[in-house]
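**Q** Numbering-wise (the working numbering), the sequence shown opens with residue 10 and increments by one.
C-beta atoms are modelled at their ideal positions from N, C-alpha and C, and glycine is treated no differently.
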Amino acid sequence: MPIPDSIDPDRIPRHVAIIMDGNGRWAKQQGKPRLYGHGVGVVSVQEIVECATEWGVEVLTLYAFSTENWKRPVDEVGGLMGLLKNYLLKELAKMVKNSIRLTCIGDIAKLPGDVRQVLEDTMRETAANSRLTLNLALSYGGRAELIQAIRKIAEDVSKGVLDVSAIDERLIDSHLYTAELPDPDLLIRTGGEARLSNFLLWQASYAEIYFTDTMWPDFREQAFASAIDEFQGRERRFGKTSAQVEGG
Ligand code: FPP
């Protein structure tokens with residue numbers, strides 16, 4: 010998947026985060042069960058990972074399973090866990106070959122033991138890779154992430170090892186699941202809804218947000234290129250005026 014001509018290779022977003030929505034509705038439109046939509050969604054995952062790797066994205070975070078998704082019917086949850094496990098087992102060789110490092114964010118203690126085992130093995134075996142970081146959000150919720158961070162910080166304050174005045178953005182960053190990663194530059198949501206759904210609430214403060222009606226199973230190379238095109242056409246001011254940004 011060579012980089013499309015429409016994209017400036019020098020201004021690729023470093024970190025792209027994606028809310029992969031619409032699998033269920035896409036399946037329904039085809040008269041198929043929801044899990045079929047998730048299965049085709051895995052093919053989109055494979056294609057977008059390949060594009061991100063070749064186009065020079067450094068970090069790709071995919072919202073694969075939220076804290077709220079545990080409330081779905083047991084067979085759908087089981088089906089998603091099975092797809093995840095198979096994906097990891099199947100893609101390991103490709104991750105090693107293409108220097109993809111797998112990381113995850115979320116409360117992975119809640120995952121079934123076998124899935125967690127495969128996840129931990131994959132992370133260990135790809136830990137030294139440096140081209141793309143594929144970061145899976147699993148049993149992830151932005152509020153839960155902030156709660157665990159605030160608890161740790163409060164503990165340190167109460168033990169007397171941290172002064173309240175030392176609490177700043179950097180300290181909070183360092184207590185999040187994403188401590189090692191840059192903030193997302195571009196956040197994409199497929200499936201026609203325009204909300205964050207508890208995803209990267211702190212980290213997405215300055216992300217460009219791109220909503221598309223395309224359902225996740227249809228989100229492939231062209232659609233990803235359009236999102237990056239739009240990102241490159243927007244001016245990121247970080248609170249400054251246009252004149253300040255243009256003046257550097
Ligand atoms: C949202 O669609 C999608 C999910 C909750 C799961 C996303 C999972 C995958 C694409 C497959 C497994 C992931 C990996 C990384 C191998 P939805 O079911 O909410 O769709 P709907 O809004 O149309 O019902």
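#1: Ordered along the chain, which non-local residues of its own chain (more than five positions away) have a Cβ less than 7 Å from that of L93?
#2: Touching or not, the segment 155-171 and the segment 36-51, by the rule of three or more beta carbon pairs under 8 Å?
#3: Count the other C-beta atoms from every protein chain shown that fall within 10 angstroms of the C-beta of R219, then say buried if there are 16 or more, exposed otherwise.
#4: Determine the DSSP secondary structure at S148, reduced to helix, strand or coil.
#5: For R23 versus P226, is the C-beta spacing smaller than 8 Å?
#6: How about N78: is its Cβ closer than 7 Å to a heavy atom in ligand 1?
#7: A137 by DSSP, collapsed to three states: which one?
#8: What is the residue span of the beta strand (DSSP E) that I12 lies within?
#9: Is A188 helix, strand or coil by DSSP?
#10: Could you compute how far the alpha carbon of A234 sits from the alpha carbon of P13?
#11: If the criterion is Cβ atoms closer than 8 Å, does the pair D30 and E230 meet it?
#12: Please classify F228 as buried or exposed, where buried requires at least 16 other C-beta atoms within 10 Å of its C-beta.
#13: Quick one: residues in its chain with C-beta nearer than 8 Å to the C-beta of V105, no 5 flanking neighbours on either side, listed in chain order?
#14: Are the CB atoms of I21 and I197 nearer to each other than 8 Å?
#15: Inspect the beta-carbon positions of I109 and L145 and report whether they are closer than 8 Å.
#16: Just reading off the beta strand (DSSP E) that Y219 is part of, what are its end residues?
#17: Whose C-beta lies closer than 7 Å to the C-beta of N107 among residues of the same chain, with five residues either side of it excluded?
**A** So, to answer that:
#1: A73, V124
#2: no
#3: A quick correction: the sequence has Tyr, not Arg, at residue 219. Its Cβ being crowded by 16 or more others within 10 Å, Y219 is buried.
#4: strand
#5: no
#6: yes
#7: Reduced to three states, the DSSP call for A137 is coil.
#8: Unbroken run through I12: none, as it is neither H nor E.
#9: Residue state, collapsed to three classes: coil.
#10: A straight line joining the alpha-carbon of A234 with that of P13 spans about 7 Å.
#11: When the beta-carbon positions are compared, D30 and E230 stay at least 8 Å from each other.
#12: buried
#13: E134, T135, N138
#14: no
#15: Not in contact: I109 and L145 (Cβ atoms no closer than 8 Å).
#16: Residues 217-220.
#17: T62, R140
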